[in-house]
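See below for the structure under consideration.
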Amino acid sequence: MTLLPSIKPLAIVNGQPWQKLPKDLYIPPEALAVCLEQFEGPLDLLLYLIRKHNLDILDIPVFSVTQQYLAYIHAMDTARVELAAEYLVMAAYLVEIKSRLLLPPSAEDPGSSGAEDDHNIDNDPRAELVARLLEYQQFQQAALHLDAQPHWQRDLLPVYVFLPPIPQQTQWLPVAAHELGSLWSALCERNRVNTQHIIQPERFSTQARMGQLLQRLRQQHNWLSFIQLLKACEGRAGVVVTFLALLELIKEGHVEAEHTTQTLAVRAHEPL
Amino acid sequence: MNPSEDETQQLIEAAIFSALEPVPSGQLMRLLSGADAETQLAHILNTLQQHYQGRGVELVQVASGWRFQVPASLAPALAPLYPEKPKRLSRVILETLAIIAYRQPITRAEIEALRGVAVSAEVIKNLLDRQWICSLGPKELPGRPMQYGTSDAFLNYFNLQTLADLPHWLQENENTEIPKLDH
Amino acid sequence: MNPSEDETQQLIEAAIFSALEPVPSGQLMRLLSGADAETQLAHILNTLQQHYQGRGVELVQVASGWRFQVPASLAPALAPLYPEKPKRLSRVILETLAIIAYRQPITRAEIEALRGVAVSAEVIKNLLDRQWICSLGPKELPGRPMQYGTSDAFLNYFNLQTLADLPHWLQENENTEIPKLDH
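Chains as they are written, first to last, in my numbering: chain A, 45 to 316; chain B, 1426 to 1608; chain C, 1426 to 1608.
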């Protein structure tokens, strides 16, 4: 069985699709560049060799695997395929393992200071390689499984449903008093520039009326009814301004008010 | 192998649901086989249409084909899911408000004189609806135009104790050079 | 007036159907009222899920919420309508993604150590562009290399709800007698 996750042609060589991986290591040189691209690095290549020869990953025959790996690398070199450095590092590593396996187990070996029968994989020079191969193999398989999950917009199609316009209750950004202030300033400035003629000041200003009222009430020292504060000549606007000014004064605490059924009576607070 | 009627219906349903645009009957027909494709399709669409009656989506035929849509009657209730970005109040509204705040009581004609441009009734209505301004009674002038002033709600909204807390209140209001309208 | 259970179900159905992205339960809850909104919602979603079994669309829960989708079993039959096929993901993309999914947070150097080969910047950029992975901040090591993890968009794409839904493809790794590699 081939475990390499490829369904489409592996490669196109001289216009011919390659459906299978090479039967043995002696590959036409022109195919090597293509093969190199098929492998995701030296671990991938090693796993391929192990699977191809039906070897036990936990008991790798390092001699033959190294031989095959080197033959492969050599063939690539002959074909002047630019090899990624990782392939050469792996080659060196394999040779190192091979030579370490040739050495008799020595007592000075820090790895084998334990019991006699401690012939477990920890002391095996192949241990690290095996661990890396196993770990990588698992991620290879995980990647295959991931690819087998349904993919969004390929295997699972999104659903589009027409949504009629939704009537909205508009939200408004809050406004601050200083914005009104600067608008007012700008307006004043604009009018100052544009104005040709000076006009008489306004007849009634709440602010001015507040001052007048307070003065009068302080002089009075006594309750006055709202009616008494009005002047007939000022008309309705006068009533409004006086009333507004009074409200302001009450709010500010300068004036106290008493409301009877008949009338509204006010007097100034005694200044402290 | 002929797909069962159920499978064909699923396919048509999926085709309309997964399309971005309404799907013409001709397109749907490509999913059917047999001589009576047209009759089949009409039957399936009819069945689907009935199935989706009273549900969250409905199957309708528009000019360019078939589509599923949220019934118009449900749309307003979906508003909480589509909150609009808060908008800024327009400049004309804010400027009018500023003029009323600093110059109350004031008539619409006087506001227009200050702004130099017309102030539409909608602007005044907008401010009245927000309860930021209120009518202070008519001015004793020919035509008795209504005067406006700010409300307590205005003070609350702008976090002011009194109108005097408005920025630039004193100097602008006391010795103003703002043109006052002659009627 | 409280809307009837039927109306509420229609609303939830319409909301999920009309959304372009999976809708989180929290959003759907905004369409309900009452103290038992959560129970109500769970009940409605369950009813809807059952209703749509064996139809042209299915209701599923993925990482970022609920969505309707055309089930994978129907997609091949719809191919005549969608001639453009999305490209297959490359082995390097899939392997890198699998490593990040199972080993997050993980740096590029750690991925390279696992794969035994350099991981190009383009592969990481590709995954970041798809928003399947995101930066999880630098690792406290010399050079402060960036660590990566998978996103909700990754889970959504593969029809998964949580990382725990990733099948235990790596389980044997834990029982192996092979010493684990120190990086």
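For glycine and all other residues, C-beta sits at the position ideal for the given N, C-alpha and C.
Only a predicted model underlies this, so the values are computations on that prediction, with no experimental measurement involved.
In the DSSP assignment, GLY282 of chain A forms no beta bridge with any residue. With respect to the 7 Å criterion, LEU1484 of chain C and LEU1473 of chain C are classified as neighbours on the basis of their beta carbons. In this chain, PRO1570 of chain C is not harboured by any alpha helix (DSSP H), its DSSP state being neither H nor E.
Rounded to the nearest whole angstrom, the C-alpha separation of PHE1442 of chain C and ASP1431 of chain C is 16 Å. Beta-bridge partners assigned by DSSP to GLU1483 of chain B: B:GLN1494.
About 21 Å separates the CB atoms of LEU1445 of chain C and LEU1466 of chain C; that is not less than 8 Å, and the two are not in contact. If the five residues before and after ARG253 of chain A are omitted, its C-beta is found closer than 7 Å to the C-beta atoms of VAL285, THR286, ALA289, all from its own chain and listed in chain order. Contact holds between the region 265-284 of chain A and the region 305-313 of chain A, because three or more Cβ pairs, one in each stretch, are under 8 Å apart.
Put simply, of A:ILE210, A:ALA276, A:HIS303, A:TYR113 the residue whose alpha carbon is nearest the alpha carbon of ILE94 of chain A is A:TYR113. By the Cβ neighbour-count rule, TRP216 of chain A is exposed, with fewer than 16 other Cβ atoms within 10 Å of its own.
The DSSP assignment places no complete run of the beta strand (DSSP E) inside the region 166-209 of chain A (cut-off: 3 residues). VAL203 of chain A and LEU1499 of chain C have their alpha carbons spaced roughly 13 Å apart.
Ranked by Cα distance from PRO1449 of chain B, the first of B:ARG1492, B:ARG1480, B:GLY1459 is B:ARG1492. Distance from the CA atom of LEU224 of chain A to the CA atom of LYS1550 of chain B, rounded to whole angstroms, is 19 Å. Look at ARG170 of chain A: its C-beta is not under 7 Å from any C-beta on chain C. The CB of SER1443 of chain B comes closer than 9 Å to the CB of LEU201, PRO202, VAL203, TYR204 in chain A, given here in chain order. Apart from sequence neighbours up to five positions away, the residues of its chain that approach ALA1526 of chain C with a beta-carbon distance below 8 Å are THR1575, PHE1579, LEU1588, LEU1591, ordered along the chain.
The contact set of LEU1514 of chain C on chain A, defined by CB atoms closer than 7 Å, consists of ASP191 in chain order. Burial is judged here by how many other beta carbons sit within 10 angstroms of a residue's own beta carbon; GLN1572 of chain C has at least 16 and is buried. Sorting B:GLY1562, B:GLN1478, B:VAL1517, B:LYS1512 by C-alpha distance to the C-alpha of VAL1548 of chain B places B:VAL1517 at the top. One Cα belongs to LYS1564 of chain B, the other to GLN264 of chain A, and the distance between them is close to 30 Å.
Note on the region 1427-1489 of chain C: whole alpha helix (DSSP H) runs with a minimum of 4 residues are 1430-1443, 1450-1454, 1462-1476, in chain order.
Residues GLY85, PRO86 of the same chain have their beta carbon placed closer than 8 Å to that of GLU130 of chain A, with the five preceding and five following residues left out of the count. The beta carbon of ARG1455 of chain C falls within 7 Å of a beta carbon belonging to chain B, placing the residue at that interface.
A Cβ-Cβ separation of about 6 Å places TYR180 of chain A in contact with LEU1539 of chain C under the 8 Å criterion. A Cβ of chain A is located within less than 7 Å of the beta carbon of ALA1500 of chain C.
Bridge pairing for ALA301 of chain A: A:VAL310 [DSSP]. With 16 or more other Cβ atoms inside 10 Å of its own Cβ, ARG1533 of chain B counts as buried.
Cβ proximity to chain A below 8 Å picks out ALA1526, TYR1527, LEU1539, ARG1540, GLY1541, VAL1542, ALA1543 from the region 1525-1548 of chain C. Within chain A, no residue has its CB atom less than 7 Å from the CB of ARG1480 of chain B, the nearest being about 11 Å off. Cβ-Cβ separation between PRO1447 of chain C and ASN1581 of chain C: approximately 6 Å, consistent with a contact (criterion under 8 Å). Taking the CA atoms as reference points, VAL133 of chain A sits about 34 Å from GLN1556 of chain C. The Cβ atoms of ALA1502 of chain B and LEU1436 of chain C lie closer than 7 Å to each other.
Secondary structure note for SER1560 of chain B: its beta strand (DSSP E) is the uninterrupted segment 1558-1563.
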